[in-house]
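One gets my numbering by counting positions in the sequence shown from 1 and adding 5 to each. Here a beta-carbon is modelled for each residue, glycine too, at the ideal position from N, C-alpha and C. Since the model is a prediction, treat every value here as computed from it, not as a measurement. Contents: one structure, followed by commentary.
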Amino acid sequence: AALIAGGNINSFGEMPAWVPIACYTAIGLGTMSGGWKIVKTMGTRITKVTPFEGVAAETAGALTLFITEALRIPVSTTHTITGAIMGVGATKRLSAVRWGVTINLIWAWVLTIPISALLAAGIYHIVKLF
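Below is the structure:
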């Protein structure tokens, strides 16, 4: 998107090969360095998830993504699967979900957008000096 906004390319069809490679590398390094924490939180800290419950949560998350895509609503895959895991946990009993953990996740989501926006603005102004 930045390459298009900057006028470097006209459409996503002509994206340089280095762009997706850099993205894949960043995602892979992020997963290797801290992804296990996310997997542990999703699979054990929100609620204990059995394989059957995992299938139900993944299916619900996928259906949510299909529906929101059809409606052109941008959503986070992490948010959808987290909601699905909470739903699966709540089917056992409401107390099976560790609501303190989920409240922390929700606060992290709420704060991510404004903090990222402020960081991006600051970095932009620093880079603009050069």
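May I have the straight-line CA-CA distance separating L116 from A122, to the nearest angstrom?
-> Taking the straight line joining both Cα atoms gives about 10 angstroms.
In whole angstroms, what separates the C-alpha of R98 from that of E58?
-> Inter-residue distance for R98 and E58 is about 14 angstroms (C-alpha atoms, whole angstroms).
Is I118 buried or exposed, if buried means 16 or more other CB atoms sit within 10 Å of its CB?
-> It is exposed - the Cβ of I118 has fewer than 16 other Cβ atoms within 10 Å.
Rounded straight-line distance, which links the Cα of T46 to that of A61 | Whole-angstrom Cα-Cα distance: 17 angstroms.
State yes or no: is the beta carbon of K42 nearer than 8 angstroms to at least one beta carbon in chain C?
-> Going by chain labels, chain C is absent from the structure shown, which holds only one protein chain.
Determine the burial state of T85: buried for a count of at least 16 other Cβ atoms within 10 Å of its Cβ, exposed for fewer.
-> Burial call: buried.
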